[in-house]
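The structure appears below as C-alpha cells.
In my numbering, the protein residues as written are 25 to 174.
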C-alpha cells in the first residue's frame, strides 16, 4: 500500500462539477493498493498516518499529529501510485491491485480512519475521474509504503 500524505490548509475533490469531499486543516491522502496488500497493511498505514508528527507546535517544530491538532482527512484512491516507468514512455500499472480488491481495501482504510477521527473523514469516489484541489501547507509531503514498514 502506498500513500502520499500531504499536510494541507484545505483540500477538496470534485466529480462531474460537484464537490464530493472538502476539508480544512489536515491531511490529503492519495491511496494506492498493491495485489499483496492486506487488512494488516491498512491498519499499519492508518496507525502511522494519524500519529505522524508533521504539524507544527507553538515553537514552529513539526511535533504534533493529526490527532493532536484535531485535523481532517481527505482520502482519494489513486492506482497510478503503482505506475512503473522503467521501460518505455507509457507507465505500466500491473503493480496495482485489481479494482475489486483495491476498492475493498480503500473502503477498509476509510472505515479505519473514521473509527479514529469520527466525522472528520471525507473521500473521493473509487474509480471516478476526480479533480483534486490541494493547498499544501509547508509544503509537507511524505510517501508511505507499507512494504517498507517494520
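C-beta: ideal position from N, C-alpha, C; glycine also. Note that the structure is a prediction, hence the values are computed from the model and not measured.
Mark residue i as exposed unless 16 or more other C-beta atoms lie within 10 angstroms of its C-beta, in which case mark it buried.
{"i": "residue 104", "result": "exposed"}
{"i": "residue 54", "result": "buried"}
{"i": "residue 147", "result": "buried"}
{"i": "residue 113", "result": "exposed"}
{"i": "residue 82", "result": "exposed"}
{"i": "residue 170", "result": "buried"}
Which of the three DSSP states is assigned to residue i in this structure?
{"i": "residue 163", "result": "strand"}
{"i": "residue 36", "result": "strand"}
{"i": "residue 82", "result": "coil"}
{"i": "residue 57", "result": "coil"}
{"i": "residue 157", "result": "strand"}
{"i": "residue 23", "result": "Residue 23 lies beyond the stretch modelled for the chain, which goes from 25 to 174, so this question has no answer here."}
{"i": "residue 44", "result": "strand"}
Identify which residue in the options has its Cα closest to the Cα of residue i.
{"i": "residue 34", "options": "169, 173, 145 and 150", "result": "145"}
{"i": "residue 150", "options": "71, 75 and 99", "result": "99"}
{"i": "residue 85", "options": "77, 53 and 113", "result": "77"}
{"i": "residue 67", "options": "162, 130, 157 and 143", "result": "130"}
{"i": "residue 22", "options": "47, 89 and 140", "result": "Residue 22 lies beyond the residue range present for the chain, which begins at 25 and ends at 174; the question has no answer from this structure."}
{"i": "residue 101", "options": "143, 134 and 172", "result": "134"}
{"i": "residue 137", "options": "75, 49, 32 and 43", "result": "75"}
According to DSSP, residue i sits in a beta bridge with which residue or residues?
{"i": "residue 169", "result": "26"}
{"i": "residue 101", "result": "55"}
{"i": "residue 127", "result": "Answer is none; residue 127 lacks a bridge partner."}
{"i": "residue 132", "result": "Residue 132 pairs with nothing; no bridge assigned."}
{"i": "residue 145", "result": "97"}
Comparing the CB of residue i with every heavy atom of the ligand NAD, is any distance shorter than 6 Å?
{"i": "residue 83", "result": "The model on display carries no ligand, and the ligand NAD is accordingly not part of it."}
Give a yes or no on whether the minimum CB-CB distance between residue i and chain D is below 7 Å.
{"i": "residue 170", "result": "Structure shown: chain D not included; a single protein chain is present."}
**Q.** Validate contact between the region 119-128 and the region 51-69 using beta carbons, cut 8 Å, 3 pairs
**A.** Three or more pairs of CB atoms, one per stretch, sit closer than 8 Å, so the region 119-128 contacts the region 51-69.
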